[in-house]
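Q: Counting from 1, position 53 in the sequence shown corresponds to residue 53 in UniProt numbering; the numbering is continuous, with no gaps.
Where is the CB? At the ideal position from N, CA and C, for every residue including glycine.
Being a predicted model, the structure only gives us computed values, none of them experimental.
I have a structure I would like to understand better, so I am pasting it below and will then ask my questions one at a time.
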Amino acid sequence: MRKPAEPLAQPLSSAEQREALQAREVGKTVMYQIDAWGHVETRFVRSQNVATWEAKGFFVR
1 MRKPAEPLAQ PLSSAEQREA LQAREVGKTV MYQIDAWGHV ETRFVRSQNV
51 ATWEAKGFFV R
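If you want it as structure tokens, here you go:
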């Protein structure tokens, strides 16, 4: 039995996509981790979870 097809959503413009991403990040703390190759991983973390992410090796800029 196949799943019913989902209706297609209107594609977002780049400006609308950026606004949606920024809305999700409001009120969160930006944390970073740099690996052995110099790549930077960025996480947007709820403020109450900062200590947990610091324990994982992330830092706040």
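What are the boundary residues of the alpha helix (DSSP H) that includes Q22?
A: Unbroken alpha helix (DSSP H) run through Q22: 14-25.
Q: Can you have a look at F59 and say buried or exposed, based on whether 16 or more other CB atoms are within 10 angstroms of its CB?
A: That one is exposed.
Q: With a threshold of 8 Å between beta-carbons, can K3 be considered close to chain C, or not?
A: Judged by its chain identifiers, the structure shown contains no chain C, having just a single protein chain.
Q: Using the beta-carbon count (16 or more within 10 Å), is M31 buried or exposed?
A: Burial call: buried.
Q: Is L8 closer than 8 Å to A20 when the C-beta atoms are compared?
A: Going by C-beta atoms, A20 is not nearer than 8 Å to L8.
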